[in-house]
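Report on the following structure.
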Amino acid sequence: MEQSTAAAAGDEPAHRYGAALARGIEARWQAYWAENGTFEAPNPTGTLKGHVSEAKHSFIMDMFPYPSGSGVHVGHPLGYIATDVFARYQRMNGFTVLHTLGFDAFGLPAEQHAVATGEHPRTSTEAAIANYRRQLGRIGFGHDPRRSITTIDPAYYRWTQWIFLQIFNSWYDTRRESARPISELIAEFESGARPTPDGRGWAELSGIERDELLGEYRLAYAKEVSVNWCPGLGTVLANEEVTADGRSERGNFPVFKSKLKQWMMRITAYGDRLISDLEPLDWPEAIKLQQRNWIGRSEGARVDFPVDGHAITVFTTRPDTLFGATYMVLAPEHDLVDAVVPAAWPEGTPEAWRGGAATPGEAVTAYRAMAAAKSDVDRQADAKTKTGVFTGAYATNPVSGEQVPVFIADYVLMGYGTGAIMAVPAHDTRDFAFARAFGLPMRCVVEPTDGRGEDVATWDDAFASYDALIVNSANAEVSLNGLGVVEAKARITQWLTEKGIGEGTVNFRLRDWLFSRQRYWGEPFPVVYDEEGVLHALPESMLPVELPEVEDFSPRTFDPDDAKTEPETPLSRNADWVNVTLDLGDGRGPQRYRRETNTMPNWAGSCWYELRYIDPDDENAVVDPVNERYWMGPDSGKPNGGVDLYIGGAEHAVLHLLYSRFWHKVLFDLGYVSSKEPFHKLFNQGMITADVYRDARGFPVPAAEVEERGGKYYWDGAEVFREAGKMGKSLKNSVSPDDFCDTYGADTLRVYEMSMGPLEVSKPWDTKAVSGAVRFLQRVWRNVVDEETGLPRVTESEPDAETLRAAHQAVAGVAEDIAGLRFNTAIAKLIVLNNHLTKLDAVPRQTAETLVLALAPFAPHLAEELWAKLGHSGTLTFEPYPVADPRYLVADEVTCVVQVQGKVRDKIQVAPDISEDALKELALATDGAQRALDGRAVRTVIVRAPKLVNIVPA
RNA sequence: GCGCUCGUGCCGCAACUGGAAGACGGACCGGCUUGAGGAGCCGGGGGUUGAGGGUUCGAAUCCCUCCGAGCGCACCA
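With this note's numbering applied, the first sequence covers 33 to 986.
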């Protein structure tokens with residue numbers, strides 16, 4: 033492509049729109065926009081105060097990038113171009129528009145780079161950001177540079193830490209369904225309005241005891257929990273960061289369960305609201321569904337099974353099958369296991385239940401050791417074969433009074449429900465498999481509807497249907513027999529509640545969010561521990577807690593397969609920073625403290641950046657409430673408020689989007705924001721894929737150098753093989769926007785990417801196909817400018833009727849398409865108009881101006897230049913977007929299709945406002961219709977004036 | 001295994017809410033322009049809408065079955 037440009041340059045007209053001309057135009061207009069602050073968005077108040085439109089405002093956002101050291105390829109800016117087109121369109125429609133782009137810059141890659149090269153993460157990250165800004169700057173985005181925050185800026189993470197403190201200093205009041213300040217909870221304890229667990233007065237509790245008690249309530253808390261420990265990365269991970277096969281999403285290392293004291297966020301408190309508030313959001317259904325599934329709300333009941341003076345509580349979604357519960361299973365780690373295990377095996381314990389051990393205690397210990405040593409991968413692989421061991425204890429089924437054996441087995445998970453189940457083998461596939469493996473009894477309590485009968489011994493699998501009647505389920509006080517599942521659930525739940533042995537409850541699959549990482553390159557926690565080990569939040573005046581400059585910032589990593597290792601935080605190696613004397617202003621005076629040495633996960637900075645975009649340099653508040661209300665406050669179009677449009681990849685469906693919703697809701701509860709939701713409209717752009725070419729050994733070869741001959745592909749003389757894939761450096765098929773802009777120009781990149789297909793679908797990059805965009809822009813230019821002289825070549829005469837209709841039709845369609853984010857069809861309509869103009873001897877000025885303005889959001893540099901050539905001064909950024917006049921949309925004549933029984937038999941030219949009767953008459957009279965009818969009588973005639981008539985013969 | 005998307009010329013993809021299958025772009029073919037080439041100009045061909053069945057006056061569109069691709073979840077009680 034470079035060669036042809038160079039070769040053609042010699043004899044091309046001086047003012048042809050080519051790469052060189054585009055480059056000059058683009059540089060000039062980018063400089064103009066920067067100098068004039070064209071895209072600086074005003075706020076109602078504060079440091080960025082300016083004139084704002086009260087009624088029309090639009091906050092448009094992209095999911096901000098993590099600046100990778102290798103820079104961007106042409107796939108990255110797709111979404112940014114889309115938001116930019118939309119934002120420019122909105123400006124031309126009189127909206128005050130907030131659009132900017134910041135950087136999510138804490139994270140593991142910079143740290144790994146640091147380990148490899150010794151370069152400080154801040155140095156490499158800032159260099160990567162500078163490179164991103166340069167690369168993206170060439171594409172000509174209308175971003176407000178003053179609002180482009182980076183998460184690693186202490187002035188930014190000061191507020192990340194501040195929000196952490198708000199969350200830490202809050203608890204969730206389930207009665208009010210809202211977060212409240214922890215001080216209000218303490219007041220309840222102090223006054224005695226809320227008793228402490230053991231009944232002692234608040235004043236009698238030690239510092240540590242108060243600390244622990246409040247930790248049960250705080251929305252951010254440190255606790256010894258079972259976590260995902262990844263030795264290969266040297267850090268623990270959130271559930272969301274672990275793949276289904278038990279490996280780290282980043283790096284693909286094995287992940288093990290380990291008990292460690294870690295920071296957690298009580299996102300589970302918001303489970304209900306995170307589901308119910310999804311409803312009014314304008315999000316893709318698939319993403320809503322993923323969030324609902326991830327949160328996993330299920331309604332059921334808690335039921336107590338008495339065992340030896342204790343009560344084991346189970347969670348079940350099928351309390352209607354309680355009479356069929358013939359054994360129980362606890363998770364191996366369940367707290368009550370030790371309490372119920374007897375010294376010796378009960379009389380008659382089958383050999384298979386003993387796990388080969390002499391006593392129940394030994395069996396339990398051995399099984400626990402085996403379960404703990406299993407990685408999630410093993411557990412996954414073994415899912416089909418059920419393992420477990422009898423604890424030696426029997427529980428009482430509370431409805432049947434039967435004694436049922438209590439097992440431990442790793443198919444019951446400690447983290448879900450109560451970590452204990454009642455097993456109903458006849459009606460649950462997992463319990464069925466376990467019961468068969470251990471020879472446990474089964475009872476049919478749901479009448480099979482598939483003719484298999486009630487004799488469980490003859491079954492091959494469990495009968496798990498909800499659409500059946502309950503049988504064999506009655507005691508002296510309650511009977512479920514003959515009821516449907518739904519009524520049976522209600523009946524038994526009521527009975528359990530009355531007897532005080534159970535209650536209806538809601539359970540979530542969602543777990544609390546593991547919020548600490550053992551890394552250097554993240555936000556420090558703004559908390560310290562005193563010499564007794566009591567936790568203290570730092571006062572706001574001490575924020576930000578800055579990362580110390582250290583010699584060794586690398587995380588300590590281990591043999592990826594060694595589960596027995598423990599994390600070591602890089603910050604803990606810094607005694608000077610860790611051990612400090614501070615006066616926290618709590619009346620205790622200066623004291624010795626130890627800093628928290630974990631850091632926050634890299635999701636922290638992205639949990640709230642939309643708020644800082646609004647007020648990037650507010651020193652007094654996370655965001656000024658007036659500005660927040662203006663940009664994000666609820667209104668008729670968005671009942672829960674939020675950003676007007678948020679575009680990004682679907683890969684953040686549950687991570688970023690769930691975490692940021694959670695933080696936003698806490699801030700809402702505490703009164704800092706007026707919006708309940710951060711993002712009103714969400715749109716997922718597809719990926720730009722690219723062909724990958726591999727040689728015979730399977731190694732990728734440079735895609736740009738591959739030649740095609742006769743349907744086969746060759747590189748360096750040898751045949752290579754094409755496959756579909758992602759675009760990326762390692763696959764040697766990356767196309768850089770720098771090269772693209774050098775060869776074609778930024779406007780061509782923008783137009784090509786927007787014309788490739790619907791924004792939401794993934795589509796392959798095809799450098800050959802770019803010439804369509806090149807030709808289009810060249811023709812636009814040529815329709816307005818004389819290629820020899822560079823002067824405008826428009827005529828001052830009025831456009832003819834056909835041209836008027838073409839222009840107004842295009843404008844009507846384009847506006848509708850942009851508003852609906854259908855950029856590919858919008859460009860198609862602009863091309864149609866332009867192709868029409870190409871046929872004219874000279875383009876009327878009026879139509880040229882319409883075309884230039886309509887095209888401006890897609891090719892802003894070219895449009896600005898043409899607008900200037902047409903004699904206007906300044907930018908067209910705020911010129912009104914062309915509006916179609918309905919008068920010009922109607923054609924003089926339209927073609928009406930005449931069908932007989934759905935098949936086209938004739939066509940007639942009619943007036944667009946023809947009456948149904950007249951049209952029917954004309955249609956019946958056509959030769960085609962008569963020929964098709966062939967004398968048959970007419971039963972009905974369907975008339976869709978003026979475009980279609982369908983005649984149905986008798 | 002369960003759930004959600006999606007299958008339209010050679011390719012990327014249009015087609016309103018069920019109303020003429022193909023907009024727009026690429027590729028291809030022909031002509032013009034050019035010393036030649038080209039991303040210049042004008043014109044052209046090409047489909048049983050994945051398969052089968054159903055609803056309807058009429059189906060790419062709605063329903064069912066099957067085939068194929070992608071994504072999500074996966075012992076969640």
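Glycine included, C-beta positions come from ideal geometry on N, C-alpha and C.
Exercise. State yes or no: is the C-beta of E820 nearer than 8 Å to some heavy atom of the ligand NAD?
Key: The ligand NAD is not part of the structure shown, which contains no ligands of any sort.
Self-check item: Residue(s) in a DSSP beta bridge with S290
Solution: V259
Quiz item: Under the three-state reduction of DSSP, which class applies to D370: helix, strand or coil?
Solution: helix
Quiz item: Under a Cβ-count criterion, where at least 16 other Cβ atoms within 10 Å of its own Cβ denotes burial, should N659 be classed as buried or exposed?
Solution: buried
Quiz prompt | Any 3 or more C-beta pairs closer than 8 Å across the stretch 358-367 and the stretch 534-548 | solution = no
Quiz item: According to the neighbour-count rule (16 or more other Cβ atoms, all chains shown, within 10 Å of its Cβ), is F347 buried or exposed?
Solution: buried
Quiz item: Is the stretch 131-143 close to the stretch 607-617, with three or more CB pairs under 8 Å?
Solution: no
Exercise. Find the nearest neighbour of H342 within the set L246, D185, V816 and V369, judged by alpha-carbon distance.
Key: When each option's Cα is compared against that of H342, the closest is V369.
Quiz item: How long is the line joining the alpha carbons of I181 and A119, rounded to whole angstroms?
Solution: 19 Å
Quiz item: Thinking C-alpha only, which one of Y625, G673, L616 and V705 is nearest V654?
Solution: V705
Exercise. Using three-state DSSP, classify S90 as helix, strand or coil.
Key: strand
Quiz item: For F91, which option in W377, N68, Q62 and L677 has the closest C-alpha, if you only look at C-alpha atoms?
Solution: L677
Quiz item: With contact counted as at least three CB pairs below 8 Å, one residue from each stretch, are the stretch 636-655 and the stretch 255-265 in contact?
Solution: No, the stretch 636-655 does not touch the stretch 255-265.
Practice problem: Quick one: which unbroken beta strand (DSSP E) runs of 3-plus residues sit fully inside the stretch 565-649? Chain order, please. | Solution: 567-569, 611-614 and 623-627
Exercise. Would you kindly check if the distance between the Cβ of G278 and the Cβ of R165 is under 9 Å?
Key: Contact: no.
Quiz item: Does the count of Cβ pairs from the stretch 48-56 and the stretch 771-785 closer than 8 Å reach three?
Solution: yes
Quiz prompt | Which residues DSSP lists as bridging F715, in chain order | solution = I679
Quiz prompt | G247 (DSSP reduced to helix, strand or coil) | solution = helix
Quiz item: Looking at the structure shown, is Q933 part of a helix, part of a strand, or coil, going by DSSP?
Solution: Coil.
Quiz item: In whole angstroms, what separates the C-alpha of L951 from that of V975?
Solution: 8 Å
Quiz item: Contact check, T417 vs R549 under 8 Å by CB: the rounded distance?
Solution: Incorrect: roughly 35 Å between the Cβ atoms, too far for contact.
Quiz item: Would you say the stretch 70-85 touches the stretch 688-699, given that touching needs at least three Cβ pairs under 8 Å?
Solution: By the Cβ test, the stretch 70-85 is not in contact with the stretch 688-699, since fewer than three Cβ pairs between them sit closer than 8 Å.
Quiz item: Considering G56, what are the terminal residues of the alpha helix (DSSP H) in which it resides?
Solution: A51 to N68
Quiz item: What's the call for P912, buried or exposed, on a 16-neighbour Cβ count within 10 Å?
Solution: exposed
Quiz item: Which residue from D959, L472, S794 and W747 puts its Cα closest to that of Q717?
Solution: S794
Quiz item: beta strand (DSSP E) containing M446: first to last residue?
Solution: DSSP places M446 outside any beta strand (DSSP E), giving it a letter other than H or E.
Quiz item: Between the C-alpha atoms of M20 and K861, what's the straight-line distance to the nearest angstrom?
Solution: Outside the displayed range of the chain (33 to 986) lies residue 20, so it cannot be described from this structure.
Quiz item: What residues match up with M664 in a beta bridge as DSSP calls it?
Solution: DSSP lists no partner for M664.
Quiz item: Should the stretch 695-705 be regarded as contacting the stretch 104-122, the criterion being three or more beta carbon pairs within less than 8 Å?
Solution: no
Quiz item: Between the beta-carbon of V686 and the beta-carbon of E272, is there less than 9 Å?
Solution: Between V686 and E272, the gap from beta carbon to beta carbon is short of 9 Å.
Quiz prompt | Beta-carbon spacing of D593, P229 below 9 Å | solution = Not closer than 9 Å, so no.
Quiz prompt | Boundaries of the alpha helix (DSSP H) in which L921 is found, first to last residue | solution = Premise fails: L921 is in no alpha helix (DSSP H) and is neither H nor E.
Quiz prompt | R462 in three-state terms, based on DSSP | solution = helix
Self-check item: M786, enclosing alpha helix (DSSP H) - first and last residue
Solution: A778 to S787
Self-check item: Identity of the residue in P186, A844 and G621 nearest D917 by Cα
Solution: A844
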